[in-house]
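Chains A and B are the protein sequences, given in the same order.
Note that numbering that gives the first Met the number 0 has the first sequence beginning at 0, numbered continuously upward.
Note that numbering that gives the first Met the number 0 has the second sequence beginning at 0, numbered continuously upward.
For glycine and all other residues, C-beta sits at the position ideal for the given N, C-alpha and C.
One structure is given here, and the rest of the page talks about it.
2 protein chains.
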Amino acid sequence: MAHGGQPPSGQSLLFLTDEQVRIGIEAMFFAYRGFTADPDRILATKAYGRAHHRAVHFIHRSPGTTVNNLLAILGVTKQSLNRVLRSLIADGLVSSTVGKADKRERHLHLTDAGAALERELSDAQRDRMRSAYRAAGPEAVAGFREVLEAMMDEEMRHHYVAMKDRPE
Amino acid sequence: MAHGGQPPSGQSLLFLTDEQVRIGIEAMFFAYRGFTADPDRILATKAYGRAHHRAVHFIHRSPGTTVNNLLAILGVTKQSLNRVLRSLIADGLVSSTVGKADKRERHLHLTDAGAALERELSDAQRDRMRSAYRAAGPEAVAGFREVLEAMMDEEMRHHYVAMKDRPE
DNA sequence: GACAATACGTCAGCTTTGTTGACATTCCAA
DNA sequence: TTGGAATGTCAACAAAGCTGACGTATTGTC
Numbered sequence: 000m001a002h003g004g005q006p007p008s009g010q011s012l013l014f015l016t017d018e019q020v021r022i023g024i025e026a027m028f029f030a031y032r033g034f035t036a037d038p039d040r041i042l043a044t045k046a047y048g049r050a051h052h053r054a055v056h057f058i059h060r061s062p063g064t065t066v067n068n069l070l071a072i073l074g075v076t077k078q079s080l081n082r083v084l085r086s087l088i089a090d091g092l093v094s095s096t097v098g099k100a101d102k103r104e105r106h107l108h109l110t111d112a113g114a115a116l117e118r119e120l121s122d123a124q125r126d127r128m129r130s131a132y133r134a135a136g137p138e139a140v141a142g143f144r145e146v147l148e149a150m151m152d153e154e155m156r157h158h159y160v161a162m163k164d165r166p167e
Numbered sequence: 000m001a002h003g004g005q006p007p008s009g010q011s012l013l014f015l016t017d018e019q020v021r022i023g024i025e026a027m028f029f030a031y032r033g034f035t036a037d038p039d040r041i042l043a044t045k046a047y048g049r050a051h052h053r054a055v056h057f058i059h060r061s062p063g064t065t066v067n068n069l070l071a072i073l074g075v076t077k078q079s080l081n082r083v084l085r086s087l088i089a090d091g092l093v094s095s096t097v098g099k100a101d102k103r104e105r106h107l108h109l110t111d112a113g114a115a116l117e118r119e120l121s122d123a124q125r126d127r128m129r130s131a132y133r134a135a136g137p138e139a140v141a142g143f144r145e146v147l148e149a150m151m152d153e154e155m156r157h158h159y160v161a162m163k164d165r166p167e
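Okay, structure coming up:
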């Protein structure tokens with residue numbers, strides 16, 4: 000199981016030692032904290048949480064998406080998502096309209112106010128991400144994304160690739 | 000603020016467009032889910048949660064660490080950490096010993112049972128991380144870590160660098 | 001047309017993990 | 001000896017996840 004300080008089988012595999020992998024694990028932990036810190040600060044002033052941010056983000060990204068589709072992307076139960084959507088709709092940030100082809104479906108859109116919140120949150124998160132990108136350089140960014148993509152569950156990778164390949 | 004589809008000022012800055020940065024944000028979101036998925040599955044069978052995993056991980060990493068130090072690394076309140084530590088101590092996974100130099104401090108160590116749990120969780124998480132590393136290659140891994148480090152808050156980066164530079 | 005499946009919403013109750021605030025204890029240091 | 005730091009505990013609460021059950025509207029199928 001490759002425990003302890005055993006030598007790697009070749010020079011080119013040094014990056015696969017337990018020690019190297021552990022550093023990556025800790026990097027993910029500490030970086031994710033930074034990743035969410037700025038939006039969290041904004042949300043705390045508005046009685047919303049990270050769950051609201053995620054919903055707003057993906058509704059912005061896929062306008063008109065259905066509840067079921069959002070459920071699959073976020074990976075939570077409908078009861079959990081419903082609680083979030085209810086407050087966003089009640090506060091006039093998200094609109095829910097009955098589907099034309101299939102009237103069972105609800106299509107979700109951001110209102111102007113919802114779009115404003117989305118932009119405020121995204122700006123904060125993007126600023127940090129952009130700084131990190133600039134500090135690390137384009138080749139590092141390419142590697143960053145490759146490793147993250149390889150780390151995803153199969154289903155999440157499908158969602159990710161589909162969104163990535165669809166221009167904004 | 001670089002909104003919309005405006006052209007970047009130069010070819011080399013293409014990776015800094017809002018679109019590129021947004022892809023990175025979504026990659027972080029989806030990848031973090033995979034990152035925690037395997038340990039979460041194991042923890043669910045043991046009446047523990049992610050908070051227990053984090054405590055066990057960093058106690059393993061810094062044997063004898065104090066409660067205060069752990070608090071700074073984990074970034075939670077002492078009450079929240081205390082709840083987790085109490086159950087780990089009660090279950091015989093962690094030992095808490097009064098400090099020799101400063102008897103106010105408690106030094107935390109994993110017991111044999113605690114070390115066994117740590118290894119079980121780390122093995123699962125490392126397997127996925129190692130697969131991702133192998134799939135992406137050493138240069139991608141270097142970029143991955145550069146971007147993550149640049150994304151951290153200043154204080155977290157200090158913790159990270161200190162741990163990174165201290166061999167296991 | 002009857003009936004099963006789907007999409008959505010909601011109620012109730014529970015868990016984990018975070019938060020504040022208040023307060024006691026122990027110990028070090030000025 | 002007194003003040004402050006480190007630790008721990010109790011209580012109350014909130015965010016955000018979960019399961020299970022149920023209702024309604026709509027759609028697809030036999």
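Any C-beta of chain B under 9 angstroms from that of residue i
| i | result |
| --- | --- |
| Gly48 (chain A) | no |
| Arg144 (chain A) | yes |
| Ala115 (chain A) | no |
| Pro62 (chain A) | no |
| Arg53 (chain A) | yes |
| His106 (chain A) | no |
| Ala149 (chain A) | yes |
Residue i: contacting residues in chain B (beta-carbon distance under 7 angstroms)
| i | result |
| --- | --- |
| Leu109 (chain A) | Residues of chain B passing the Cβ test: none, with the nearest at roughly 15 angstroms. |
| Gly74 (chain A) | Arg32 |
Under 7 angstroms from the C-beta of residue i: neighbouring residues of chain A
| i | result |
| --- | --- |
| Val20 (chain B) | Arg125, Met128, Arg129 and Tyr132 |
Residues that residue i contacts on chain B, provided the C-beta gap is smaller than 8 angstroms
| i | result |
| --- | --- |
| His140 (chain A) | As written in the sequence, residue 140 (chain A) is Val, which differs from the His given in the question. By Cβ distance, chain B contributes Phe14, Gln19, Gly23, Gly142 and Val146. |
Neighbourhood of residue i by C-beta distance below 6 angstroms, restricted to the same chain and skipping five residues each side
| i | result |
| --- | --- |
| Lys163 (chain A) | none |
| Glu153 (chain A) | none |
| Thr64 (chain A) | Leu107 |
| Glu104 (chain B) | Thr65 and Gly98 |
| Ile72 (chain A) | Phe57 and His158 |
| Ala112 (chain B) | Gly91 and Leu92 |
| Val140 (chain A) | Tyr132 |
Within chain A, the residues that residue i reaches when beta carbons sit closer than 8 angstroms
| i | result |
| --- | --- |
| Ser11 (chain B) | Pro137 |
Same chain only: Cβ atoms within 8 angstroms of residue i, ignoring 5 sequence neighbours per side
| i | result |
| --- | --- |
| Glu119 (chain A) | Ile41 |
| Arg165 (chain B) | none |
| Thr110 (chain B) | Gly91, Leu92, Val93 and Ser94 |
| Arg49 (chain B) | Thr35, Pro38, Asp39 and Leu42 |
| Ala135 (chain B) | Phe143 |
| Gly168 (chain A) | There is no way to answer for residue 168 (chain A), as the model of chain A reaches only from 0 to 167. |
Interface flag, residue i vs chain A, CB-CB below 9 angstroms
| i | result |
| --- | --- |
| Ser121 (chain B) | yes |
| Gln5 (chain B) | With a pLDDT of 49 at Gln5 (chain B), under the threshold of 50, the modelled position of that residue is not reliable, and no figure is offered here. |
| Pro166 (chain B) | yes |
Distance cut-off 8 angstroms: residue i Cβ against heavy atoms of the ligand NAD
| i | result |
| --- | --- |
| Thr65 (chain B) | Ligands in the displayed structure: none, and consequently the ligand NAD is not present. |
- Determine which residues of the region 153-164 of chain A have a Cβ less than 8 angstroms from any Cβ of chain B, and write them out in chain order. Met155, Arg156, His158, Tyr159, Met162 and Lys163
- Using a Cβ cut-off of 8 angstroms, which residues of the region 25-37 of chain B contact any Cβ in chain A, in chain order? From the region 25-37 of chain B, only Glu25, Ala26, Met27, Phe28, Phe29, Ala30, Tyr31, Arg32, Gly33, Phe34 and Ala36 have a Cβ closer than 8 angstroms to chain A.
- May I ask you to verify whether the region 75-88 of chain A touches the region 140-159 of chain A, counting CB pairs closer than 8 angstroms and requiring at least 3? no
- Message: Could you check whether the region 82-100 of chain A touches the region 54-61 of chain A, counting it as contact only if at least three pairs of C-beta atoms, one from each stretch, sit closer than 8 angstroms?
- Response: They touch, by the three-pair rule.
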